[in-house]
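S.K.: There's a structure below that I have some questions on.
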Amino acid sequence: MAINKFKTTQESQIEISVLMLPSHANFGGKIHGGYILSLMDQIAFGCASKHSGNYCVTASVDKVNFL
């Protein structure tokens with residue numbers, strides 16, 4: 000029987016840097032919400048995969064509000 004090992008948040012933490020280009024912005028100069036959502040999905044994949052040691056996918060997102 001395997002013993003569960005609890006992990007700290009640092010063990011699952013990742014860091015990315017992304018250069019926001021004018022092509023990512025709307026006419027008002029704000030970054031498109033869909034692009035931010037895409038980055039969120041990439042970061043969630045990285046954290047979940049690092050935490051679990053397995054390939055992970057986004058099964059669902061409960062709610063996203065763009066204001």
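Per numbering that gives the first Met the number 0, the very first residue in the sequence shown carries number 0; after that it's consecutive. Glycine included, each C-beta is placed from N, C-alpha and C at the ideal position.
Where do the N-terminal and C-terminal ends of the alpha helix (DSSP H) with G33 fall, by residue?
M.R.: Counting from one through the sequence shown, the residue named residue 33 turns up at place 34. Per DSSP, G33 belongs to the alpha helix (DSSP H) from G32 to S51.
S.K.: Between I30 and chain D, is there a C-beta pair that is closer than 9 Å?
M.R.: Protein chains in the displayed structure number just one, and chain D is not present.
S.K.: With L38 and V17 assumed to form a contact (beta carbons below 8 Å), what rounded beta-carbon distance in angstroms separates them?
M.R.: The residue given as residue 38 occupies position 39 in the sequence shown. The residue given as residue 17 occupies position 18 in the sequence shown. At roughly 6 Å, the Cβ-Cβ gap stays under 8 Å, so L38 and V17 are in contact.
S.K.: Relative to the alpha-carbon of S11, which residue among N64, H31, I42 and K62 has its alpha-carbon at the smallest distance?
M.R.: The count along the sequence shown starts at 1 and reaches residue 11 at position 12. The option with the nearest alpha carbon to S11 is I42.
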